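Asker:
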Amino acid sequence: MSNQKSLENLFRLVHGLKRQMYKKTEQLSLDITPMHIRVLKIVDRKKPCTAVDIVDILGRDKGQVTRLINTLIDKGLIEREPNPNDKRSHYLSITNAGIAVVEEVMKIDADTVNKMTKNLKREELAEFERISELMANNLYEENN
Numbered sequence: 228m229s230n231q232k233s234l235e236n237l238f239r240l241v242h243g244l245k246r247q248m249y250k251k252t253e254q255l256s257l258d259i260t261p262m263h264i265r266v267l268k269i270v271d272r273k274k275p276c277t278a279v280d281i282v283d284i285l286g287r288d289k290g291q292v293t294r295l296i297n298t299l300i301d302k303g304l305i306e307r308e309p310n311p312n313d314k315r316s317h318y319l320s321i322t323n324a325g326i327a328v329v330e331e332v333m334k335i336d337a338d339t340v341n342k343m344t345k346n347l348k349r350e351e352l353a354e355f356e357r358i359s360e361l362m363a364n365n366l367y368e369e370n371n
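According to the working numbering, the sequence shown is numbered sequentially starting from 228.
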């Protein structure tokens with residue numbers, strides 16, 4: 228397979244995935260973006276979680292992450308709690324409403340994965356996972 232064709236297939240895959248996620252998340256009628264959902268998932272999984280953790284995980288600037296967090300707080304999906312170890316920072320925790328959204332998003336994720344992996348064998352998926360991780364690591368190593 229040519230390098231150009233590989234790159235084009237990756238662009239198509241990423242674009243298709245993003246379109247699918249936007250379409251499905253719009254159906255939740257929450258007026259949040261997929262990036263908000265990524266933050267919500269991080270807060271749900273990482274305990275304890277601070278804004279700096281989210282900055283590190285997403286590789287985004289502090290201002291953008293702060294805006295994402297503030298929107299999720301305004302919507303009642305996450306909340307800030309004092310960090311007992313550092314008075315300058317806060318822990319972020321997910322609310323019951325946020326948990327309900329994450330549960331809906333997990334269904335969307337599962338549906339998307341099922342659609343993407345239809346007609347693929349387990350071995351092919353394992354190989355794709357291995358190769359795509361190597362490719363992503365190569366790009367991130369170069370950018371860091």
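Yeah, the Cβ is synthetic: ideal placement off N, Cα and C, and Gly gets one too. Fair warning: this is a prediction, and the values are worked out from it, not measured in the lab.
(1) Starting from Gln319, trace the beta strand (DSSP E) both ways and give me its first and last residue.
(2) Use the C-beta contact count for His242: other C-beta atoms within 10 angstroms, 16 or more gives buried, fewer gives exposed.
(3) In angstroms, rounded to a whole number, what distance separates the CA positions of Ile296 and Asn312?
(4) Taking the CB atoms as reference points, tell me whether Glu306 and Ile300 lie closer together than 9 Å.
(5) What residues in its chain sit with their C-beta under 7 Å from that of Met228, if we drop five residues either side in the sequence?
(6) Do Ile326 and Thr252 have their CB atoms nearer than 9 Å?
(7) Give the DSSP bridge partners of Pro309, in chain order.
(8) Hey, how far is the Cα of Ser233 from the Cα of Glu331?
(9) Return yes when the Cβ of Gly303 is within less than 9 Å of the Cβ of Ile324, no when it is not.
(10) Within the same chain, show all residues whose beta-carbon is closer than 6 Å to that of Phe238, passing over the 5 residues directly before and after it, in chain order.
(11) Thinking just about the alpha-carbon of each residue, which of Asp271, Val292 and Tyr249 is nearest to the one in Thr322?
(12) Less than 9 Å separating the beta-carbons of Val328 and Leu255?
(13) Quick check on this structure: which residue in Tyr367, Phe355 and Met343 has the alpha carbon closest to the alpha carbon of Gln247?
(14) Assuming Thr277 contacts Leu319 under a Cβ cut-off of 8 Å, what Cβ separation, rounded to an integer in Å, is found between them?
Answerer: A quick look at the data gives this:
(1) On the sequence shown, position 92 is the one that residue 319 refers to. In the sequence under discussion, the amino acid at residue 319 is Leu, which differs from the Gln named in the question. Segment His317 to Ile321, the beta strand (DSSP E) holding Leu319.
(2) Taking the sequence shown and counting its residues from 1, one reaches residue 242 at position 15. It counts as exposed.
(3) Taking the first residue of the sequence shown as position 1, residue 296 is located at position 69. Taking the first residue of the sequence shown as position 1, residue 312 is located at position 85. Going by the C-alpha atoms only, they are around 21 Å apart.
(4) Here residue 306 corresponds to residue number 79 of the sequence shown, with the count starting at 1. Here residue 300 corresponds to residue number 73 of the sequence shown, with the count starting at 1. For Glu306 and Ile300, yes; Cβs fall inside 9 Å.
(5) Within the sequence shown, the letter at position 1 stands for residue 228. Low confidence applies to Met228: its pLDDT is 48, below 50, so where it sits in the model is not reliable enough to give any reading.
(6) Looking up residue 326 in the sequence shown gives position 99. Looking up residue 252 in the sequence shown gives position 25. Taking 9 Å as the Cβ cut-off, Ile326 and Thr252 do not qualify as a contacting pair.
(7) In the sequence shown, counting from the first residue as 1, residue 309 sits at position 82. According to DSSP, Pro309 bridges with His317.
(8) Taking the first residue of the sequence shown as 1, we reach residue 233 at position 6. Taking the first residue of the sequence shown as 1, we reach residue 331 at position 104. Answer to the nearest angstrom: the Cα atoms are 33 Å apart.
(9) Translated into the one-based positions of the sequence shown, residue 324 becomes position 97. Translated into the one-based positions of the sequence shown, residue 303 becomes position 76. In the sequence under discussion, the amino acid at residue 324 is Ala, which differs from the Ile named in the question. Yes.
(10) Within the sequence shown, numbered from 1, the residue matching residue 238 stands at position 11. There are no such residues.
(11) If you number the sequence shown from 1, residue 322 lands on position 95. Here the closest residue by C-alpha is Asp271.
(12) Here residue 328 refers to the residue found at position 101 of the sequence shown. Here residue 255 refers to the residue found at position 28 of the sequence shown. Against a cut-off of 9 Å, the Cβ pair of Leu255 and Val328 comes out as a contact.
(13) Within the sequence shown, numbered from 1, the residue matching residue 247 stands at position 20. Ranking the options by Cα distance to Gln247, first place goes to Met343.
(14) Counting from one through the sequence shown, the residue named residue 277 turns up at place 50. Counting from one through the sequence shown, the residue named residue 319 turns up at place 92. At roughly 7 Å, the Cβ-Cβ gap stays under 8 Å, so Thr277 and Leu319 are in contact.
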